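Our numbering runs 25 ahead of the 1-based position in the sequence shown. Let me begin by presenting the structure, written as structure tokens, before commenting on it.
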Amino acid sequence: MKLILKLLLGVIGGIVVGLIAVSLPSWVMDAIVTFQMIFGQFLGFIIPFVILFFITSGVASMGAGSGKTLGLTTGIAYTSSVLAGVFALVIALVVLPLFITESVPMVGEEAGFTPLFELEIDPALGVITALVMAFVFGIGIARTNSPTLKSFFDEGKNIIEKLLWKVVIPFLPFYIASIFAEMAADGTVWETLSSFALVLVLAIATHWLYLIGAFTIAGSVAGQNPFSALKNMLPAYFTGVGTMSSAATIPVTVEATKKNRVRESMAETVIPLGANIHLAGSTITIVLAATTVMMMYGDLATPTVLGMLPFIFALAVIMIAAPGVPGGAVIASLGLLTTMLGFTEAAVGIMIALYMAQDSFGTATNVTGDGAIALLVDRFVNGKHS
26 MKLILKLLLG VIGGIVVGLI AVSLPSWVMD AIVTFQMIFG QFLGFIIPFV ILFFITSGVA
86 SMGAGSGKTL GLTTGIAYTS SVLAGVFALV IALVVLPLFI TESVPMVGEE AGFTPLFELE
146 IDPALGVITA LVMAFVFGIG IARTNSPTLK SFFDEGKNII EKLLWKVVIP FLPFYIASIF
206 AEMAADGTVW ETLSSFALVL VLAIATHWLY LIGAFTIAGS VAGQNPFSAL KNMLPAYFTG
266 VGTMSSAATI PVTVEATKKN RVRESMAETV IPLGANIHLA GSTITIVLAA TTVMMMYGDL
326 ATPTVLGMLP FIFALAVIMI AAPGVPGGAV IASLGLLTTM LGFTEAAVGI MIALYMAQDS
386 FGTATNVTGD GAIALLVDRF VNGKHS
């Protein structure tokens, strides 16, 4: 919650600076644009490492203890995230055009601001290359049981996670501030702000429609009343809103899941796994926010079902290994946003701000959805309760 407050202050501070930019020396905005350029390139540099180390470590760990429960949980979690993304896309394509009737140009060099100097920080790997490598090494380590390689990727994951906590997360408010300062100076900030409330309301509504659908399916398969099952999960939902962490909510989610007559051993296995690999709520928000940004700014491609489906399928894979930090899901998705949807640095900054505004509700949907997965896995592995 402190991060959300800092991001809000970053947005407000950036707008104030941008609005008074005309009375400031030109080097002030140029310095802001320089910081934005460097931090944006640094983000692009570390994203392939996030994908490589987190997915490799996760796949290697899952493979080491693979079994029917693991395979079912992973398969259902991926399917759930894909369906959530497709559902969010349909909602976005139907509802957003009613509110976004015309696009505005994305702020950029035409705004008249130029970095004080140029600095190229090229990624060591392409996003798709990192994704393929992660599965090759992850499956390979699981099959060969290589302790040396597993230790290498586990320690690499720890290093990247510390980098996110110590560098990326603290500087995010300043990065967002730089984006909004440039938009305010360019006169395009108000159109962006008007979309924030729309995306927040639409995301929360879509989250709940998804949860109702998920528990309707799970309840029908498990032979339980879906609304009673969903009601039992409400403590997990509200804990997720407060903590903004799937991992921190695990104890509450496990207890809520047991109330739905899921076997204790199954709840204690599926819920911790789901907290790490099932981010349907985050997928919904990312798809909604990405579609909004693409509709708002004419410089980006027009979102279509066929154009967005490959992104959603890839995003669901990325969500399996999203870092466990505030905003980790959107940070992990940045590589796909830039390579598959053509997002610019300014679009990325807006995307992060849109996502972080509702991160707590996305987390709450993630953990509550884990309860539906536990119902399904328990039914498929153990059958109905007698």
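Every residue, glycine too, gets a C-beta built ideally from N, C-alpha and C. All values reported here derive from a predicted model rather than from experimental measurement.
Length of the line joining the Cα atoms of residue i and residue j
i: I80; j: I343; result: 8 angstroms
i: S411; j: V246; result: Because S411 carries a pLDDT of 47, less than 50, the predicted location of this residue cannot be relied on, and no value is offered for it.
i: I71; j: L174; result: 20 angstroms
i: N257; j: V53; result: 54 angstroms
i: A89; j: R168; result: Note that A89 scores 49 on pLDDT, short of 50, meaning its location in the model is unreliable; the coordinates nonetheless yield the value given after this. A89 and R168: Cα-Cα distance of roughly 8 angstroms.
i: L361; j: I229; result: 23 angstroms
i: A149; j: V295; result: 35 angstroms
i: L223; j: M381; result: 14 angstroms
i: T316; j: P328; result: 6 angstroms
i: I40; j: L114; result: 30 angstroms
i: T364; j: Q249; result: 43 angstroms
i: T308; j: L325; result: 20 angstroms
i: L108; j: G238; result: 11 angstroms
i: I164; j: P50; result: 55 angstroms
i: F263; j: A155; result: 35 angstroms
i: A341; j: I101; result: 11 angstroms
i: E289; j: A281; result: 11 angstroms
i: I337; j: S48; result: 44 angstroms
i: D384; j: V279; result: 21 angstroms
i: P122; j: L32; result: 28 angstroms
i: L234; j: L259; result: 15 angstroms
i: L298; j: G353; result: 17 angstroms
i: L255; j: L331; result: 33 angstroms
Option in the options with minimal Cα separation from residue i
i: T75; options: T388, A399, G394, I356; result: Correcting the residue identity first, residue 75 is Val in this sequence and not Thr. Looking at the Cα atoms, I356 is the closest of the given residues.
i: P335; options: V312, I345, T317, G353; result: V312
i: G267; options: F252, S106, K182, T390; result: T390
i: K181; options: L77, M320, F221, L225; result: This sequence places Gly at residue 181; Lys is not what is there. If we check each option's Cα against that of G181, L77 comes out closest.
i: A85; options: S171, P297, V42; result: S171
i: D395; options: E370, A339, I153, N285; result: N285
i: V36; options: L359, A202, V277, G299; result: A202
i: H303; options: V120, L32, G110; result: G110
i: V226; options: V406, A117, M333, V192; result: A117
i: K283; options: G96, S105, A397, F196; result: A397
i: F124; options: M320, L30, G151; result: M320
Same chain, Cβ closer than 7 angstroms to residue i, neighbours up to 5 away in sequence not counted
i: V287; result: A399, L400, D403
i: K187; result: none
i: M376; result: A314, A315, V318, V355, L362, F368
8 angstroms CB neighbourhood of residue i in its chain, flanking five on each side removed
i: I146; result: I63, Q66, F67, G69, F70
i: T139; result: D55, V58
i: I185; result: I71, F74, V75, F78, F79, P348
i: G94; result: Inspection of the sequence shows that residue 94 is occupied by Thr rather than by Gly. The answer, listed in chain order, is M291, T294, V295, V402, V406.
i: F142; result: T59
i: E135; result: The predicted model places E135 with a pLDDT of 45, which falls under 50 and marks its position as unreliable; any figure quoted below should be read in that light. Taken in chain order, the list of residues that qualify is empty.
Cutoff 6 angstroms; reference residue i; Cβ partners in own chain excluding five residues on either side
i: G265; result: T274, T388, A389, V392
i: F162; result: T81
i: A46; result: M54, A210
i: I242; result: none
i: G43; result: A206, A209, A210
i: M291; result: D403
i: A339; result: L361
- Please list the segments of the alpha helix (DSSP H) lying wholly inside the region 290–365, counting only runs of 4 or more residues, in order along the chain. For the region 290–365, whole alpha helix (DSSP H) runs of length 4 or above, ordered along the chain, are 305–321, 330–344, 353–365.
- Query: Can you list the beta strand (DSSP E) stretches of 3 or more residues lying completely in the region 108–182, in chain order?
  - Reply: As far as the region 108–182 is concerned, it has no whole beta strand (DSSP E) run of at least 3 residues.
- Completely contained alpha helix (DSSP H) runs for the region 252–283, where each covers 4 or more residues: If we require 4 residues or more, the alpha helix (DSSP H) runs fully inside the region 252–283 come out as 259–268.
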